[in-house]
Every structure is written in C-alpha cells, then in structure tokens.
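Heads up, the thing below is written out as structure tokens.
Numbering (the working numbering), first residue to last: 10 to 210.
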C-alpha cells in the first residue's frame, strides 16, 4: 500500500530540527508506514450520545471529497465549528448544511492544506451527537450513530479498517504557512475571521 499523501505544508522533522528530547520519537517515526485507513471504537455506554468514534487517515488530495461524503451522516441543519491549532473552538449557529458546505467549499484550498486550522460540522441535541472534524494534521475524526453508513463510505473510498494505526500528529513535524507556498492563499487569520463573520453570532 502506498504511503500517505500529506498536506504540502507539512513534513516530518529531522533530528537537526528538534531538541534531543524528541529524537526517540523521530527514530520511532522512521519505522512507521503511514497509509490510508481508519480505526474505529464501538461505544456501548448508553450515557454517551454517539455509538462509535473513528479516526481516518486519507490522502490529502482526497480529503475534501471524503469530508463531503461523511457530512451525509449529519442532518440538514447543523453547525460549523473551527479553531486555530491548539486554540479555543468556536461553535457556529445551526443553519442549513448546504450553506455551510458552500462557504467551506470557497475555502477548500486553505482548509485542506493549512495545518494551523481545524474545522468540522456538528449536530448535537439531548439524544444525539454526530460530528465530522478535520484535525490540524488533516486526518478526520468522526463521532456518529450510524456505523453501517460510515463503514459504507469507507468501503466506497477503498479505505480499510485496522485494529491499530499511527497518525501524523504523534510525531514531530515542520509546518509552514500555506501563504509561503501559494501567494494567493488566505492566511490562517483571514480564514478564521471569515468563518467567524459567517457562522458566529
């Protein structure tokens, strides 16, 4: 199976780029083969509002298309959530999912490549939690209630399930601003401002 395609703004760090305390992680990373795939945890606790949690590695060029398909698990009215890496999450107002996806689609380049941004869609009520979230390293986290639907999407994309997987965010990385590689790209701050103006109260 071919190696996972990372966002163009991210690469793994070398020993010369990090303190000695991280060298063991760099050595461990060199033994890992990063590939497309997912791990899934069944949730049996009836107190929880979701029935499964999954993490998905997907080639960066397929991230957006897969995300759109995964949002089919959410109802027609939901909310956008977004944040800078390691920052506070902003939850938008509930509104039409198609509108949310149209706005996000206009920022597709930045949202899929800027590893200083995290975002997703969520639906949460007294009985249910469904969330599709793109983490900073551009793998996808899913909290859901319809596991067969999720697994069908994974099958459609040929993404296999594994009992255990390693993810990029476990290891030291070098991340550069998208604007250093694409002069026409919006900065992280511009994207966050646009999302805040569109989705926040």
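All C-beta atoms in this analysis are idealised placements derived from N, C-alpha and C, irrespective of residue type, glycine included.
Per DSSP, which residues does residue i bridge with? Please list them.
i: residue 154; result: Beta-bridge pairing links residue 154 to no other residue.
i: residue 149; result: 65 and 143
i: residue 1; result: Outside the shown range of the chain (10 to 210) lies residue 1, about which nothing can therefore be said.
i: residue 29; result: Paired residue(s): none; residue 29 is not in a bridge.
i: residue 48; result: 64
i: residue 21; result: 182
i: residue 207; result: According to DSSP, which records beta bridges pairwise, residue 207 is partnered with nothing at all.
i: residue 100; result: 90
i: residue 170; result: 47
How would you label residue i, buried or exposed, when you count the other beta carbons within 10 angstroms and need 16 or more for buried?
i: residue 121; result: buried
i: residue 53; result: exposed
i: residue 123; result: buried
i: residue 145; result: buried
i: residue 107; result: exposed
i: residue 190; result: exposed
i: residue 147; result: buried
i: residue 26; result: exposed
i: residue 128; result: buried
i: residue 152; result: buried
i: residue 101; result: buried
i: residue 60; result: buried
i: residue 175; result: buried
i: residue 141; result: buried
i: residue 86; result: exposed
Do residue j and residue i count as a contact pair if the criterion is CB distance below 8 angstroms?
i: residue 43; j: residue 177; result: yes
i: residue 116; j: residue 93; result: no
i: residue 88; j: residue 131; result: yes
i: residue 99; j: residue 12; result: no
i: residue 49; j: residue 162; result: no
i: residue 69; j: residue 113; result: no
i: residue 119; j: residue 182; result: no
i: residue 200; j: residue 19; result: no
i: residue 77; j: residue 143; result: no
i: residue 29; j: residue 166; result: no
Please report the distance separating the alpha-carbon of residue i from that of residue j.
i: residue 137; j: residue 149; result: 20 angstroms
i: residue 35; j: residue 24; result: 7 angstroms
i: residue 110; j: residue 83; result: 12 angstroms
i: residue 134; j: residue 39; result: 43 angstroms
i: residue 64; j: residue 193; result: 31 angstroms
i: residue 46; j: residue 67; result: 7 angstroms
i: residue 158; j: residue 171; result: 18 angstroms
i: residue 197; j: residue 186; result: 8 angstroms
i: residue 37; j: residue 21; result: 12 angstroms
i: residue 74; j: residue 97; result: 27 angstroms
Complete beta strand (DSSP E) runs within the segment 57–94 (minimum length 3 residues, chain order): 61–66 and 86–93
Within the segment 172–197, note down every full alpha helix (DSSP H) run reaching 4 residues or more, in order along the chain. none
Please give me, in chain order, every unbroken run of the beta strand (DSSP E) with length at least 3 that falls completely inside the segment 107–142. 126–133
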